[in-house]
Amino acid sequence: QVQLEESGGGLVQPGGSLRLSCAASGNIFTNNVMGWDRQAPGKRRELVALLTSGGITDYADSMKGRFTISRDNAKNTVYLQMNSLKPEDTAVYYCTLRQSGRDYWGQGTQVTVSS
């Protein structure tokens, strides 16, 4: 079993920053991909960013230059640094992990960008 626990969401003003964290526990393989999706009200879930255990990253176009994904492999933890936040970044952010052909998601953490 794999468990993903997110933290770091909250309310922030436009232009502000937040850092999300996600700790994975359980049967975690050395080779995996960790990342973040998000889902805004009334919209489909979308990729935010992902990072392989080997260091390869991928970002959604709208997040490039504003969001940075990083990870600590020793702690099985992935981070998402979000800068220059916009109201349209308001969503529930889900931590994701893919390994051995299986996908896992966390419960999600709410990020609200509003003045």
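Just so we're aligned, residue -11 is where the sequence shown starts under the numbering used here, counting upward by one.
Each residue gets a CB set at the ideal place from its N, CA and C atoms; glycine is no exception.
Remember, it's a predicted structure, so these values are computed and weren't measured experimentally.
Taking the Cα positions, L(-8) is about 23 Å away from S5.
Bridge pairing for R26: E34, Y81 [DSSP].
Take N19, set aside five residues on each side of it, and the residues of its chain with a beta-carbon closer than 6 Å to its own are S41, in chain order. Going by C-alpha positions, S72 is about 10 Å away from V0. Looking at the DSSP output, L(-8) shares a beta bridge with A12. When the beta-carbon positions are compared, R7 and Q98 stay at least 8 Å from each other.
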